[in-house]
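For reference, the structure discussed in these notes is given below.
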Amino acid sequence: MSQHAYKGFTKEEYDELFSNFLIDSWSYSKLSAFARNEKAFEMNYIFGIRSRNSATTIAGQVYHEALCFYFNKKQLGEEMTLVDLETIAFESIDAVPANQWKIQKTTPDVDSCKKKALSTVVSLLKNFMVEAATYNDEIAEILFIELYCNEFLTINGVDIPIPCHAKIDLGIRTKDGKNVIIDHKSKMSYSTEEEVALSAGVQAMTYIKSYEAKTGTNIDEFWFVENKYSQNKDGSPQLRNFKITLDKDTRILYEALLYEPLRRLIQALRDPDYVYMINNDDNFTDKAELYDFWARTMISEVEDFNVEDAKKGLVAKRLKKIRDSSISIITPKVIKNFKENASKFIQYDLSSSDMTTEQKIEHSLRSFGTIVNVAHKFDGWSSDTYLLEASAGVKIASIHSHRLDIANALDVANVRLSQDLMVYEGKSYLAVDVSKKRTRDLVFDKSELHGFKIPLGKDNFNNTIIWDLENHSTPHMIICGATGSGKSVQINAIIEYALIAGVEKVVIFDPKFEFMDFSRRLNVEVYNDIEQVEDEMAKLVDEMNDLVKTGKKRKTLVIFDEFADAVSASRSGKELNEYEMVTVGYYKNGMPKMKREQTGELKSLEENLKILLQKGRSSGFRIVAATQRASVKVITGDAKVNFPVQICFRVPKETDSRVVIDEAGAESLGGMGDGLIKSPEYPNLIRFQSFYKA
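Per this note's numbering, the very first residue in the sequence shown carries number 3; after that it's consecutive.
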């Protein structure tokens, strides 16, 4: 191999050489830009005005960066997971400055650009991990990863006077002993025969010549591995490997094809009067941006552009010499070979990765293009709360739609997302509650009681949740929950706190005999049989009426457990009629003639309960009604009006949760006192842990 004519120059000789050219190096990207649209080449590489990048372009760049990490780890004998690669990609996309994103119709702002880039790169990386065998099955040794070359090349027998700058993705030695250069491609659709021919003819030879000039090692094959981010409907592999075998004839052909556009480029760079034409059919360039640049070249000085100081003299001449020109570009046909590798289905999850819960939440949402930041975390008893800060332009509804995706990432059955935003330290957040195995109890504590503010439990922010018996807007409470959810434990604690607070009388209707221990307590009455329950409820109504007439008050707490079942089992209809024997006449002997007739009608248990709910608060009655049955027939709209404080522990279905508290969430609770409360005392629905009284 003969010595290149321009190698071995002194610094002064290089300075003199480069002073004759508008730029100091060429590359495949510069050459392809020149061949595609000369005016865009002039704008980007001579005047230093770099075009903004589309979301898919940035996704492709980030994909290359992630693969660089992957093969570096592989070279060290280590493996990277999909999570690792996506994390690298997410950080890279976040780091892209706002002024580098290309705004388009489909991506009208920076946030939509980021979302598009995120979804695209996630698809690319998933495809790669599933079909990594396309690479790995043939690798015996990794020769280099992302090699930078800056070499003088001889193309088609001609010594090119400026060096070629090349960044080569990957070099390997195959299991059959071939030296191979690989170029990673991200594509929306696979290249056509003509496109592959152009890529093979120009890009491949550029990289091959650069590598061989730098290392002195010959390359046997060049691979273009295309990764198609739009999914194939037929289930075929997403990665296609186009292989070019570099025999002597192929090299001669490709080198000749490379030389043609390169010769024109060198001539243009040497001629300060060359006019670079606009290609209006170029879909890769923003035409408005290009024509704006063209107009600027006619009215602006060289100082208005980002031109290197060493080139300002030559570029200044260009600003005076703009004229029409034409050029024809012939696309050659070259041989294309490719091999498709069978895809392998691999499931990925985040549980096997060393990530914090915060990172998993962020990662799972970013996989769907939803950018959030977990700003705060709070440790609770049955759950932890994470406050999410959504990026500008992110729709909160999109986060709600991925509730199960978050749960999947965290390996839990479900997570609860607040319907309303939570204001914390003056800023709004979306709260995510994640259930966990409870390792500690919230033990009953007398010091939590203040006056008649009955402590119910604590939220995940360690605030005590209370039911104020002296607040007329919160007189009555309904509690719903399945077996084992913590309903009875909550009632136990309420009764204990109420007695300590000084409630004068506690009446417990206990059809299931769960609260018999309280029957031995002072000022507590417990009734179990349905007949007793009916009679005592009627007496409470009479007592209430007497208090109303006299204007007196007495703090009375009524606990009605399983009220729905009791109401169903109580008398109704004709069973409530009252009968007496009345005199309807006399017999001849003077004896009265008697007959059994209806003399009145008792109020039903349900009616008496409703009367006590509606009128009792002014005379000091406070009622807690509990049930397992979250049915609209039981908890009607009228019932909820009478129970402004609503507590829902774990229920089987989302619809049950909506019946009690008007929104979903209780179906995902952890049980054993993990509850949700809706009360006029609090602006939002609150998740809390109830106090446990042994």
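Beta carbons are placed, not taken as given, at the ideal position from N, Cα and C, and that holds for glycine.
It should be emphasised that the depicted structure is a prediction, and the values quoted were computed from it without experimental measurement.
Nonlocal neighbours in the same chain, by C-beta distance under 6 Å from residue i, ignoring five residues either side
i           : result
residue 123 : 61, 64, 65 and 91
residue 141 : 174
residue 569 : 607 and 608
residue 536 : 572 and 607
residue 52  : 46
residue 384 : 440, 672, 676 and 691
residue 212 : 151, 153, 166 and 168
residue 268 : none
residue 231 : 122, 125 and 126
residue 594 : 585 and 588
Where residue i falls: helix, strand or coil (DSSP)
i           : result
residue 564 : coil
residue 585 : strand
residue 101 : helix
residue 215 : helix
residue 27  : coil
residue 339 : Low local confidence applies: a pLDDT of 31 at residue 339 is under 50, so the model's placement there is unreliable, and no value is given.
residue 19  : helix
residue 681 : coil
residue 152 : strand
residue 616 : helix
residue 283 : coil
residue 404 : coil
residue 114 : helix
residue 43  : helix
residue 90  : helix
residue 129 : helix
residue 652 : coil
residue 444 : coil
residue 695 : coil
residue 188 : strand
Opposing strand residues paired with residue i [DSSP bridges]
i           : result
residue 432 : 390
residue 413 : Per DSSP, none; premise fails for residue 413.
residue 247 : 223
residue 424 : 431
residue 55  : 103
residue 71  : In DSSP, residue 71 forms no bridge with anything.
residue 231 : Partner(s): none; residue 231 has no beta bridge.
residue 559 : 508 and 624
residue 479 : 626 and 647
residue 466 : 460
residue 173 : 146 and 183
residue 594 : 588
residue 273 : Its beta-bridge partners do not exist; DSSP assigns none.
residue 633 : Per DSSP, none; premise fails for residue 633.
residue 385 : 437
residue 689 : 678
residue 375 : 391
Short Cβ contact (8 Å threshold) for residue i with residue j
i           : j           : result
residue 35  : residue 46  : yes
residue 513 : residue 567 : yes
residue 447 : residue 493 : no
residue 24  : residue 292 : no
residue 488 : residue 667 : no
residue 96  : residue 105 : no
residue 214 : residue 221 : yes
residue 665 : residue 658 : no
residue 127 : residue 81  : no
residue 374 : residue 392 : yes
residue 693 : residue 679 : no
residue 480 : residue 648 : yes
residue 38  : residue 102 : no
residue 462 : residue 380 : yes
residue 263 : residue 8   : no
residue 206 : residue 118 : no
residue 48  : residue 317 : yes
residue 540 : residue 610 : yes
Same chain only: Cβ atoms within 7 Å of residue i, ignoring 5 sequence neighbours per side
i           : result
residue 546 : 614, 617, 618, 621 and 623
residue 528 : 510, 512, 517, 518, 520 and 521
residue 470 : 454, 455, 476 and 683
residue 423 : 430, 431 and 432
residue 663 : 648, 650, 678, 680 and 687
residue 417 : 405, 408, 409, 434, 435, 436 and 670
Residue i CB to nearest heavy atom of the ligand GDP below 7 Å
i           : result
residue 445 : The ligand GDP is not part of the structure shown, which contains no ligands of any sort.
Residues near residue i in its chain [Cβ-Cβ closer than 8 Å; skip 5 each side]
i           : result
residue 365 : 85, 88, 89, 92, 352, 357 and 411
query = Taking the runs of the alpha helix (DSSP H) that are 4 residues or longer, which of them lie wholly in the stretch 513-549?
reply = none
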